[in-house]
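Residue numbers (this note's numbering), protein chains in the order written: chain A, 577 to 1111; chain B, 26 to 475; chain C, 2 to 188. The C-beta atom is built at its ideal place from N, Cα and C for all residues, glycine as well. I have placed the structure first, in the form of structure tokens, so that the comments after it can refer back to it.
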Amino acid sequence: MADVKQVTLTIEGRPVVVPEGTSILEAAKTAGILIPHYCYHPGLPVAGVCRMCLVEVEKFPKLAPACATAVGEGQVVHVHSPKALEARKGVLEFLLINHPLDCPICDQAGECELQDYTFQEGRADSRYLEPKRFNPVEDFGGDVLYVTNRCILCTRCVRFMDKVAQEPVLNVSERGDRATIGIHPEADLGGHAWSGNVIDLCPVGALVSKDFLNKARAWELDRTASVCPNCTQGCNSILETRDDTVVRMRPRANEAVNQYFLCDQGRLDYRWLERRDRAELPYVRAQTARGGTELAATDWDVALREAAALLNGRRARVLASPMLSNEALGLLARVVARTGGTGVFTVRTGDEAPLVGVPDLALRADRAANVIGAELLGFERREIGAVLDGLGADDVLVVADEELAGLAPTLPAGVRVLVVGTTVPTWAAGADVVLPITNMAEEEGTFTNLRGRVQRFLQAKAAHGLARPSWYVLGDLLAAMGDGEGYFTAADAFAALAAAQPSFAGLSYDALGLRGLPVADAERFAAEPALAGAA
Amino acid sequence: MGYPHPSHPRETPVLSKHFGEPEARTLKGWRDRGGYVALEKALKMDPAEIQTIVKDSGLRGRGGAGFPTGVKWSFMKPDGKQHYLCCNADESEPGTFKDREIMRWTPHALVEGVALGAYAIYASVAYIYIRGEFTEPLEQVRAAVKEAYAAGVIGENALGTGKTVHVHVHQGAGAYICGEETALMNSLEGRRGNPRIKPPFPAVAGLFGQPTTINNVETLAATPHILNNGAEWYKQFGRPDNPKSVGTKLFSVCGNVARPGNYEVPLGFNFGEFLWDLCGGAGEGREIKAVIPGGSSVPFLTAEECRTAVMDYEGFVAAGSMLGSGGVIVFDDRQDMVRQIARLCRFYAHESCAQCSQCREGTAWTTKILERIAAGDGVAQDFDTLLSIADNMTGKTICVLSDSCATPVVSGLKKFRHEFEAKLKASPNVVSFAGTATAAAAPRAAGPTV
Amino acid sequence: MTYGPSTPKPSPDALASHGAHHDDHGPYAPVFAAGTAPRAELDELLTRYPNKMAGLLPALWIVQRERGWVSDEAMAEVADALDLTAAYVKGVVTFYTMYHQHPVGKYFIQVCTTTPCHVCGAEGVVDAFLQHTGCGELGVTSADGRYTVIEVECLGACGFATPVMINEQFLESVTPQRVPEILAALP
């Protein structure tokens, strides 16, 4: 980077120094100035067609599109000069003359760039006296509806499918004011694993999500920085909740992981965070009046004491979910070490679906967030059918949030079972103790993605029932076993992990921030050159 | 010559000399008329030398922009890259039909010019992009190319010189905007005919990403004459006080004119004499009201302005318009200028490629307002709105189609404002009218507005 | 604003076939089947360009010549032949007004009505064609399937107002009076 020439220019009176070749629009961002734009998106090739980002550059004969004009040494740029403002006001008027202005029923309202810039720079009235054009809504397949009348033809969606997904199933059809975004009946967006991104890319309400249709107004949503838990890629995401319910998951930009994108599988698989069949209370096995036993609700102190008693003197055979955080897995590893036990996990897999235009970005075959974290922390990966092999009658099976979906194993007679989970799987209903934990939307933690990058996710909603964060429960369990005193925050639990595990050495929540950092030995997980070069 | 009329004695037929002679269409006929001598001469020269001669001749692009051809060619250096020459035969500027006549009567003149031009810019491949509607020119040029290939005039060993010049004909499919050079390249590449953002300029990254030169039919057809007769010979055509505009130029004349057709005159010709003497003025018993002198994208001139205008790049600018493509459209005193301007804008609205917001929406909106005014349903604020839209459409888009739509509106409202005002006075929406916005009601025809 | 449709409207018959499922009308017969003349023509055309995409406009012309229009199925076939997607091809087809997206009459009549012709009375020529062909309306195919009349933007023969194209045939200086005789001369 050192050999890239730096260019100095002035934008709105502020001196800006950026590398040669940077656009005026990006340069302005570094000075905290947002030049209004529609067609420009940092993750897409420049089109320069909406003409919204016109700015005045001294000595230029005409206004310049900031997205398509490279900075020049000594340039003086005026973003808010009367001439530039007038031009952008004109663009906004053109974009609105045929727009239905149906904001009250539009999902984009509240997060709509057409609304925002019109409010900021547009006309207060309309001079348009002619009939508005009308086109019906179209189903583009996948999760995408096209509300033609709202479209401003910025072509972000077309460019995404063409240059990023590299499967151009969207086009601009017709020309002039008859132009719309189109598909061919033979292939729509349904066939592509990443097509949902066009919804996020659409700066207006033209491409909307069927899943999110009429579900919430943008301003009712609470937004929490998170990490998509649905595969090992670890795409940065935003969990959006309304009244403590997750209603949408969207990508959060991270150049190092997912740029600006999130696959459909990831974005639409959030409903499990709202499961109703949750373990809500701590339980211990107790005698019934009829002489049998049952899981009886109890308080946390009793449950933790019983769980510790169960583990003392027995080997813990931990069946951990690769969806658990590094913090939880680190503490489970301590349980394993303390009892001389073993830790195993299994991973649900599916087809890999790369986003061709972005290096090393794919929906990964391993459909769980923390496979690498589990491996780093000493858990052994096994096929689902063999995951409980070797379980002895004298062991304690610790079911750590793993349901072994699709499998109903019969446990060896006499084996004791401790469930630390968000649910109690039916095959583990004979458990001795159940410690209910929160799911990833309800707690804070970190995942380690397939390239060894440790990334934080934050708590998006309140815990279910009396469930407690996994790191909190496991810290208390270890304390009850005589190991430490538990942790007061997730950051403390992570600090303990960093202190104990060489891979995590030197990392902390502060250092990780919201973009993450690689583990100490991340080079082990580097992409194969062929794979990285493919994009 | 003023095909389909006999040549007028005051014409200087160079390019049009053989219009109307069917024999000139064949290779033999063309050779009999001195054809392919220049190409043979050129292929034995250093391309840079040809560039210099053309630069010295003062030839400027005949497609509309008037960029010096030799200078454009000199951007192309022997850099080892694949170069391309595109011949812009997408002639579709309303009022212009000169390239059509060159192609249908003297197709070999074009093939020779294209081969010469390609060689001069170090290009081994040239494409002639002919608009799809030109069935006869397509047929003639295709036949000429075939004949030229068969005779070894072009191809791997053109005229036995060992030089390679391939010439291919590419048929357009109905899009005015493909006459814009970067749109033409996109179209040739099999894309929508969307103009590209510049930079990069075609000479750096043009067709298929390679250095490319795009020249108009008339420009290329003129180059063999320059090579045959020398730069000095070409420079003699023009007025002595303006060395910037030289050579002969084909002007297409159409509309309400007594003798429509193509006329070849030296640049610097008096426009009044041209219109009334050569073309015979308006039809019997009619007067010229307005003239668009350079294809539909340039401002109107009134009859009075025409009388003194000088027909060259600078002369028409001085008169308040532009030479453009040399398409002269004449409107006589019967014409309703509001309707005609509306019709012109409808053309641009139909042809907008839909990329830029201003053009996509502005051309259609402008047309709707003008058609409403023409239909007698104008409102008082329409003039202000039209001029404001025109301003928002000018100088702000990737190409100049948007500007071209605004031009007749602005120039029409300036020069024929009384006709617009008469329409408004008759409109039931206008309560009182004093030439500016006073009172307004919603137009009858308007649909729901928000 | 109502355009003289630059692309013809689907006739009721065309509507029935347009977008209809393959099975209803038999399978789509490819234009560029191996060993056929169109295939050879396309292959020869492709030698003129450095990539296949550049063959798109020529390929679509061949399709239209062979089939009279460019159907969705044909777009998919062309896409396959040139390593493009059907949607991409459709985007290109819809940009260019000369490709028919619906079947048209045996004689496709295009009357130039842009300004230079408009001032010379092109509207009268359009009306005459609409009347004498029985089409009645622009872009609609006549009941006997013989004619479709549309307005076209500038045919580039402004000095020969009003130019008219009937299929590939280019007629100059057409007046309303000449229309019946022109139609009568069509086979």
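What three-state label does DSSP hand residue i in the structure shown?
i	result
A855(A)	coil
M166(C)	strand
Y174(B)	helix
E257(B)	helix
Y152(B)	strand
R311(B)	coil
C384(B)	helix
T186(B)	coil
T131(B)	coil
A862(A)	strand
P38(B)	coil
In angstroms with no decimal places, state the Cα-to-Cα distance between residue i and residue j.
i	j	result
V833(A)	L937(A)	7 Å
V150(B)	H193(B)	8 Å
F695(A)	K665(A)	11 Å
A794(A)	V96(B)	57 Å
E649(A)	P658(A)	24 Å
A1102(A)	R1027(A)	6 Å
A168(B)	T114(C)	30 Å
L705(A)	F33(C)	50 Å
H375(B)	G204(B)	15 Å
G231(B)	G982(A)	58 Å
G125(C)	W70(C)	28 Å
V475(B)	L677(A)	For V475(B), the predicted structure reports a pLDDT of 40, less than 50, and the residue's modelled location is therefore unreliable. A value from the coordinates is still provided. Taking the straight line from one Cα to the other gives about 8 Å.
I317(B)	G717(A)	50 Å
W770(A)	E689(A)	23 Å
G917(A)	A1055(A)	18 Å
G187(B)	E181(B)	7 Å
Between residue i and residue j, how many whole angstroms is the CB-CB distance? I'm expecting something under 8 Å.
i	j	result
L547(A)	E956(A)	Coverage of chain A is limited to positions 577 through 1111, which leaves residue 547(A) absent and any answer about it impossible.
A38(C)	A763(A)	A38(C) to A763(A), Cβ: 29 Å. No contact.
H768(A)	E796(A)	Not a contact, Cβ separation roughly 30 Å.
A431(B)	R751(A)	Going by Cβ atoms, the distance from A431(B) to R751(A) rounds to 19 Å, so no, they are not a contact pair.
N830(A)	R1091(A)	5 Å
Give me the chain A residues within the contact set of residue i, using Cβ-Cβ distance strictly less than 9 Å, ordered along the chain.
i	result
F130(C)	The contacting residues do not exist; F130(C) stays about 24 Å from chain A at best.
M76(C)	H760, E762
N417(B)	E662, A663, K665, G666, V667, E669, F670
Check whether the Cβ of residue i lies closer than 8 Å to any Cβ atom in chain E.
i	result
W70(C)	Protein chains in the displayed structure are A, B and C, and chain E is not among them.
Quick one: which chain C residues come within Cβ less than 9 Å of residue i?
i	result
V745(A)	T86, A87, A88, Y89
G286(B)	G160, F161
For a contact meaning CB atoms closer than 7 Å, what does residue i contact in chain C?
i	result
G199(B)	Y97, T98, M99
Q380(B)	Within 7 Å Cβ-Cβ: nothing; Q380(B) doesn't reach chain C, min ~11 Å.
L213(B)	A55
Which bits of chain B does residue i rub up against, with CB to CB less than 7 Å?
i	result
A38(C)	Residues of chain B passing the Cβ test: none, with the nearest at roughly 17 Å.
R725(A)	Here residue 725(A) turns out to be Asn, not Arg, going by the sequence shown. Neighbours of N725(A) on chain B: none; closest Cβ ~12 Å, over 7 Å.
Along chain C, which residues have their Cβ under 8 Å away from the Cβ of residue i?
i	result
R50(B)	Result: empty, since nearest Cβ-Cβ is about 16 Å, beyond 8 Å.
For residue i, go through chain B and note every residue whose CB falls closer than 9 Å to its CB, in chain order.
i	result
P104(C)	Those do not exist, as P104(C) stays about 18 Å from chain B at its closest Cβ, beyond 9 Å.
Which residues of chain A have a Cβ atom closer than 7 Å to the Cβ of residue i, listed in chain order?
i	result
G92(C)	N747, V748, S749, G758
Mind listing the chain A neighbours of residue i? Cutoff is C-beta to C-beta under 8 Å, in chain order.
i	result
D73(C)	H760, P761, E762
Under 8 Å between beta-carbons, which chain B residues line up against residue i? List them in chain order, please.
i	result
N674(A)	E386
Worksheet item: Within the chosen definition, does the stretch 122-130 of chain B reach the stretch 318-329 of chain B through at least 3 CB pairs nearer than 8 Å?
Response: no
Worksheet item: Is it a yes or a no for the stretch 389-397 of chain B touching the stretch 135-143 of chain B, going by three-plus beta-carbon pairs under 8 Å?
Response: no
Fill in: Stretch pair the stretch 400-414 of chain B + the stretch 351-358 of chain B: three plus CB contacts closer than 8 Å
no
Worksheet item: For the stretch 1057-1068 of chain A against the stretch 827-841 of chain A, are there 3 or more C-beta pairs whose distance is under 8 Å?
Response: no
Discussion item. With a threshold of 8 Å, are at least 3 pairs of Cβ atoms found where one atom belongs to the stretch 91-107 of chain B and the other to the stretch 215-224 of chain B?
Written reply: no
Item to complete: Give a yes or no on contact between the stretch 41-48 of chain C and the stretch 56-66 of chain C, applying the rule of three or more CB pairs nearer than 8 Å.
Response: yes
Item to complete: Evaluate contact between the stretch 256-265 of chain B and the stretch 156-168 of chain B, counting only Cβ atoms and requiring at least three cross-stretch pairs below 8 Å.
Response: no
Worksheet item: With contact counted as at least three CB pairs below 8 Å, one residue from each stretch, are the stretch 768-786 of chain A and the stretch 104-123 of chain C in contact?
Response: no
Discussion item. For the structure I just gave you, are there three or more beta carbon pairs, one from the stretch 435-444 of chain B and one from the stretch 357-368 of chain B, closer than 8 Å?
Written reply: yes
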